[in-house]
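**Q** Sending over a structure as structure tokens; questions will come in a sec.
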Amino acid sequence: MRKSNPLLTLVALASLTALALLAGRSALAQGSPRVIFLHHSCGENLINQGGVREGLTALGYAFYDHGYNDDGLRLADGSSSGTNFDVPGDNTDPDGLAAIFSQPLHDPPDNTFSYLMQYDVIAFKSCFPTSNIESDQQLADYHSYYLSIRERVDQYPDKLFIIVTQPPQVPNNSDPAEAARARAFTQWLQSDEYLGGRSNLFVFDFFGLLAGGDNFLRPEYRGDEWDAHPNEQANQEIGPLFVTFIDEAIRSAWSGEPRPTPAATEPPPSATHPPSPIEPLPVSGLVDTFEAGTAGWTGEGDGMGSTVEYTADSTVVHGGTASLHIGYDIVPGGWIDCGRAFETVQDWSNAASISLWLRTDGPAQTVTLMLFSGDPNAPTPFEADLTAEGDWTQSVLAWGDFSRAEWAE
């Protein structure tokens with residue numbers, strides 16, 4: 004059971020008693036996720052004054068944002084792309100967002116939805132006029148718009164969507180009944196009734212962090228009594244919370260970590276700096292540290308001249324005292340593999356993912372990680388590709404990132 008591959012094939016041999024959720028591969032596990040944030044002026048201020056781009060960049064993400072059409076798309080380095088997504092009517096109110104999510108998906112993209120879907124993580128928000136909810140019927144209409152958005156989200160489980168609730172109004176531009184409905188709307192978006200346990204849909208409660216007990220913009224967050232744009236203090240305090248929320252949402256969707264909890268409605272005054280760079284995911288169970296040598300490992304070539312050698316190496320290590328050093332020479336159209344078999348059946352069903360640290364001495368290499376699952380006497384092979392390039396880099400593959408090998412019987 005071998006697959007022709009012009010590059011290195013790293014095969015992990017394991018018989019698992021329960022390997023589930025073998026759906027389509029998630030783009031979130033293919034390196035640094037690309038994040039897009041669709042917003043208007045309040046979102047732009049949050050990004051610029053709250054250190055959002057700097058915070059997400061420090062965590063290893065590529066963060067893009069799109070404001071009004073005249074402002075267009077900003078690239079990961081913060082520069083203008085000179086293009087826009089042609090948002091219909093520049094409308095990001097609930098009805099406008101619902102219209103965007105009803106657009107067809109085209110490749111190459113020629114509408115707002117298709118442009119957004121080029122990214123791995125899609126965050127979007129309405130502005131503070133959405134908090135002027137004049138009637139219960141208007142509130143019900145908002146529910147309807149977001150239910151249609153949810154229906155479209157369900158069609159793309161390999162994408163991560165983050166709803167950012169709208170900012171609150173100031174009292175001079177609204178009234179208590181409207182403000183109460185605005186609060187009710189944002190709470191409904193965060194409810195189990197709306198989210199329904201979905202693993203690719205999250206809600207960042209911008210409203211809840213900005214609003215006081217009266218459901219209006221907190222006095223300390225106002226520029227003046229007629230302007231509902233949150234001021235610099237608000238953005239400096241909430242920006243880092245937004246960064247952390249996005250990071251935790253990605254980790255939850257990517258590696259099965261717990262969903263991020265809603266941020267406290269009293270943001271800490273000290274939260275004015277981006278969080279520290281991302282730390283490696285915690286290790287919950289080691290498959291092999293190579294510190295005991297290469298017992299259980301085997302290597303094999305294609306019989307056409309391709310060769311492989313493997314050894315425990317104590318001179319180039321990432322952690323601990325050893326690594327597995329694989330040297331190979333592959334003829335055109337050939338393959339090699341290096342894998343480990345276990346004497347007893349392995350049950351990894353309580354884990355959400357498998358992690359490897361890889362490095363190369365030469366050019367980037369495509370690696371196929373293979374797991375054998377099911378009946379130990381007739382296991383089924385599942386595959387996922389990853390790339391080793393340069394110095395040590397961690398790759399994390401969730402079970403859903405593996406697909407049944409096409410060559411398998």
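Residue numbers (my numbering): 4 to 412. Every residue gets a Cβ at the ideal spot worked out from N, C-alpha and C, and that includes glycine.
Determine the contact status of Ala-126 and Ile-165, defining contact as a CB-CB distance below 9 Å.
**A** In the sequence shown, counting from the first residue as 1, residue 126 sits at position 123. In the sequence shown, counting from the first residue as 1, residue 165 sits at position 162. Cβ distance < 9 Å, so Ala-126 and Ile-165 count as in contact.
**Q** Taking Asn-87 and Gly-75 to be in contact with their CB atoms under 8 Å, please state how far apart those CB atoms are, rounded to whole angstroms.
**A** For this step, residue 87 is matched to residue 84 along the sequence shown. For this step, residue 75 is matched to residue 72 along the sequence shown. Between Gly-75 and Asn-87 the Cβ distance is about 4 Å, and since that is below 8 Å, they are a contact.
**Q** Is Pro-179 helix, strand or coil when you go by DSSP?
**A** As a first step, residue 179 must be located in the sequence shown, where it is residue number 176. In this structure, Pro-179 counts as helix in the three-state DSSP scheme.
**Q** Which residues does DSSP pair with Tyr-313 in a beta bridge?
**A** Your numbering for residue 313 matches position 310 in the sequence shown. Here Tyr-313 is bridged, per DSSP, to Ile-329.
**Q** Got a sec? Which residues, its chain only, sit under 7 Å from Glu-154 by beta carbon, not counting five neighbours each side?
**A** Sequence index remark: in the sequence shown, residue 154 carries index 151 (1-based). There are no such residues.
**Q** What is the DSSP secondary structure of Gly-304, counted as helix, strand or coil?
**A** Position 301 of the sequence shown holds residue 304. In this structure, DSSP gives Gly-304 an extended state, which the three-state scheme calls strand.
**Q** Tell me, which residues are paired with Val-38 by DSSP?
**A** Against the sequence shown, residue 38 aligns to sequence position 35. The partner list for Val-38 (beta bridge, DSSP) reads Phe-66 and Val-124.
**Q** To test your reading of the DSSP string, which unbroken beta strand (DSSP E) runs of 3 or more residues are found completely within the stretch 359 to 411?
**A** 368 to 376, 383 to 391 and 396 to 401
**Q** Is Phe-207 near the ligand FMN, with its Cβ less than 8 Å from a heavy atom?
**A** Annotation note on the ligand FMN: not contained in the displayed structure, which lists no ligands.
**Q** Given this structure, state the Cα-to-Cα distance separating Asn-234 from Gly-242, to the nearest angstrom.
**A** As a working mapping, residue 234 is identified with position 231 in the sequence shown. As a working mapping, residue 242 is identified with position 239 in the sequence shown. Approximately 12 Å, taken between the alpha carbons.
**Q** Here's the rule I'm using: 16 or more other beta-carbon atoms within 10 Å means buried, otherwise exposed. How should Ser-83 be labelled?
**A** Numbered from 1 along the sequence shown, position 80 holds the residue referred to as residue 83. So Ser-83 ends up on the exposed side.
**Q** Ignore the nearest five residues each way along the sequence and tell me which others in Ile-339's own chain have a CB closer than 8 Å to its CB.
**A** Within the sequence shown, residue 339 is the residue found at index 336, counting from 1. For Ile-339, where only same-chain residues beyond five positions count, the Cβ hits under 8 Å are Leu-11, Thr-12, Gly-302, Glu-303, Gly-304, Asp-305, Ser-309, Thr-310, Val-311, Tyr-331 and Ile-333.
**Q** Roughly how many angstroms separate the alpha carbons of Arg-407 and Pro-382, rounded to a whole number?
**A** As a first step, residue 407 must be located in the sequence shown, where it is residue number 404. As a first step, residue 382 must be located in the sequence shown, where it is residue number 379. Going by the C-alpha atoms only, they are around 11 Å apart.
**Q** In this structure, what does DSSP give as the bridge partners for Ala-214?
**A** Locating residue 214 in the sequence shown gives position 211, counting from the first residue. Answer is Leu-220, bridged to Ala-214.
**Q** Cα separation between Pro-36 and Phe-210?
**A** Against the sequence shown, residue 36 aligns to sequence position 33. Against the sequence shown, residue 210 aligns to sequence position 207. Whole-angstrom Cα-Cα distance: 26 Å.
**Q** Pair every Cβ in the stretch 174 to 192 with every Cβ in the stretch 246 to 259, then say whether three or more of these pairs are closer than 8 Å.
**A** no
**Q** Comparing alpha-carbon positions, which option in Arg-362, Pro-366 and Asp-378 lies nearest Gln-397?
**A** Sequence index remark: in the sequence shown, residue 397 carries index 394 (1-based). Answer by Cα proximity: Arg-362.
**Q** Since Gly-70 and His-43 should fall inside the 8 Å C-beta cutoff, what is the C-beta to C-beta distance between them, to a whole number of angstroms?
**A** Here residue 70 is taken as the residue at index 67 of the sequence shown, counted from 1. Here residue 43 is taken as the residue at index 40 of the sequence shown, counted from 1. With a Cβ gap of about 6 Å, Gly-70 and His-43 count as contacting.
**Q** Measuring alpha carbon to alpha carbon, tell me which of Ser-202, Trp-360, Val-348 and Ala-344 ends up nearest Arg-254.
**A** Here the question's residue 254 lines up with position 251 in the sequence shown. Here the closest residue by C-alpha is Ser-202.
**Q** Pick from Ile-329, Gly-342, Asn-238 and Met-307: whose alpha carbon is nearest that of Gly-46?
**A** Counting from one through the sequence shown, the residue named residue 46 turns up at place 43. Per the Cα distances, Asn-238.
**Q** Is Asn-72 closer than 9 Å to Asp-96 when the C-beta atoms are compared?
**A** As a position in the sequence shown, residue 96 is number 93, starting the count at 1. As a position in the sequence shown, residue 72 is number 69, starting the count at 1. Cβ distance not < 9 Å, so Asp-96 and Asn-72 don't count as in contact.
**Q** Using the rule of at least 16 other Cβ atoms within 10 Å of the residue's Cβ for burial, across every protein chain shown, is Trp-257 buried or exposed?
**A** Walking along the sequence shown from the start, residue 257 turns up at place 254. Its Cβ being crowded by 16 or more others within 10 Å, Trp-257 is buried.
**Q** Roughly how many whole angstroms lie between the Cα atoms of Met-373 and Cys-130?
**A** The count along the sequence shown starts at 1 and reaches residue 373 at position 370. The count along the sequence shown starts at 1 and reaches residue 130 at position 127. Using only the alpha carbons, I get a separation of about 47 Å.
**Q** Across which residues does DSSP place Ser-356 in a beta bridge pair?
**A** What you label residue 356 is simply residue 353 of the sequence shown in a count that begins at 1. DSSP output for Ser-356 lists Ala-401 as bridge partner(s).
**Q** Using only alpha-carbon positions, find the residue among Ser-134, Pro-335 and Val-319 that is nearest to Asn-175.
**A** The residue given as residue 175 occupies position 172 in the sequence shown. When each option's Cα is compared against that of Asn-175, the closest is Ser-134.
**Q** Helix, strand or coil for Val-156? Go by DSSP, reduced to three states.
**A** As a first step, residue 156 is located in the sequence shown; it is residue number 153 there, counting from the start. In the three-state reduction of the DSSP assignment, Val-156 falls in the helix class, which pools H, G and I.
**Q** Starting from Val-55, follow the alpha helix (DSSP H) in both directions and report where the run begins and ends.
**A** As a first step, residue 55 is located in the sequence shown; it is residue number 52 there, counting from the start. Val-55 -> alpha helix (DSSP H) spans 55 to 61.
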